[in-house]
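Heads up, the sequence shown stops at 281 in the working numbering, and the numbers go up one at a time, no gaps.
Heads up, the beta-carbon is just placed ideally off N, CA and C, and yes, glycines get one too.
Here is the structure we will look at.
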Amino acid sequence: RTAREMFRVRQGLPAPPAPAREGTWLVMTRALRGAIPEAVWPEGFTMRPMSLDDIGLWTDIQRDAEPGVTIPDTLFRDEFGGDLEAIRWRCFIATDRHGLGVGTISAWYDRDFEGEDVGCIRYLAIRPRFRGLGLAKAALACALQRLAEWHQRCCLAVSAENAAAIRLFLRFGFEPALRSPEARADWKEICDRLGHTPATDGKMGGRKECASEGCGGYPGTAM
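So, in C-alpha cells, the structure goes:
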C-alpha cells in the first residue's frame with residue numbers, strides 16, 4: 059500500500075472513485091422544446107457568425123484552448139467541409155470588446171442520430187485567459203436558440219474527463235443518453251467524481267471513441 063492508502067485506512071476514509079477510462083466520451087441530449095436559457099454576455103463581449111476567412115482564427119482558438127493536443131491546420135475543413143455554406147449560420151466566434159476572437163461554438167447537425175435529424179453542439183472552446191466570465195454559458199445559450207429554429211432535439215459528445223463541461227451541460231438541461239451497461243458504469247464513475255446524483259429513469263447516453271465529434275472534439279476541451 060502507498061502512504062496515502064495507509065492514511066485513508068487509518069482515518070477510516072473511503073477510497074477515491076476510480077477515474078473514467080481513457081478515451082471515454084459521454085453522449086448527452088436535450089429537447090429543444092420549451093424554455094432555453096437566455097444568453098447573458100459580459101459587457102463588451104458578443105458572438106458573430108463565422109466566414110471562411112475565420113478558419114485560421116478558429117484553429118488558433120482551438121489550439122489556445124487545448125495546448126496539450128495536436129490540432130492540425132485541416133481540422134475545421136475535416137469537420138465541417140461537407141457543408142461549408144452552412145457555417146455562415148451554424149458556426150460562431152465569440153469576440154471581446156475589441157472584436158478579437160476569444161471562443162468558438164457550432165450549432166451543427168447530425169442527420170442520423172438514433173434515426174433522427176437533430177442539432178449538435180460542437181467545438182465549444184474558450185481561450186484560457188477569458189474563462190470564468192460566463193462566455194461558455196452565453197455561447198451555449200445562443201447556439202441552443204439557433205438550433206431550436208430547425209430541430210426538436212440536440213446532442214453532443216463530451217470527454218468524460220471534462221468535469222466543467224459536463225456540469226455546464228447538466229445545468230443547461232442535457233441528460234446522458236446511455237444505451238449499454240458499460241455506458242451506465244462510465245456515467246456512475248463520472249457522477250462519483252462530480253458529486254452528482256444520477257437520474258434513475260433509465261435515460262442513459264453512450265460512449266464515443268471518435269475524438270472528432272462533440273463538444274470541442276478533444277478530451278478536456280475547456281469551458
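CB contact flag (residue i, residue j, <9 Å)
i    : j    : result
L142 : I179 : no
G159 : L198 : no
D163 : P107 : A quick correction: the sequence has Ile, not Asp, at residue 163. No; because the gap between Cβ atoms is not below 9 Å, this pair is not in contact.
W166 : R189 : no
E101 : R155 : yes
Inter-residue spacing [alpha-carbon to alpha-carbon] between residue i and residue j
i    : j    : result
H254 : R211 : 24 Å
R169 : D175 : 4 Å
S109 : P186 : 23 Å
G161 : R121 : 11 Å
T153 : S217 : 25 Å
D112 : R91  : 32 Å
A123 : A223 : 13 Å
Y181 : A241 : 23 Å
C213 : R88  : 6 Å
E172 : R237 : 11 Å
L133 : A144 : 16 Å
Segment limits, beta strand (DSSP E) that includes residue i
i    : result
G161 : G159 to F171
F227 : It is not in any beta strand (DSSP E) - F227 instead sits in the alpha helix (DSSP H) that spans A221 to R229.
L84  : W83 to A89
I94  : Per DSSP, I94 belongs to no beta strand (DSSP E) and is neither H nor E.
I151 : C149 to T153
T104 : T104 to P107
V216 : R211 to S217
CB-CB length for residue i against residue j, believed under 8 Å
i    : j    : result
L191 : A221 : Contact flag wrong, Cβ pair sits at about 19 Å.
I119 : A196 : 16 Å between Cβ atoms; not a contact.
G177 : W208 : 7 Å
L193 : F103 : 6 Å
P256 : C249 : 5 Å
Chain D contact for residue i (CB, 9 Å cutoff)
i    : result
W116 : Looking for chain D here will not work: only one protein chain is present.
Terminal residues of the alpha helix (DSSP H) in which residue i lies
i    : result
R180 : Careful: R180 lies outside any alpha helix (DSSP H), inside the beta strand (DSSP E) at E174 to I184.
L205 : L193 to L205
I248 : P239 to L252
L133 : L133 to F138
T117 : I113 to A123
Validate contact between the stretch 244 to 253 and the stretch 82 to 89 using beta carbons, cut 8 Å, 3 pairs: yes
The stretch 87 to 103 contacting the stretch 195 to 205, beta-carbon criterion three pairs below 8 Å: yes
Touching by the beta-carbon criterion (3+ pairs, under 8 Å), the stretch 126 to 145 and the stretch 222 to 232: no
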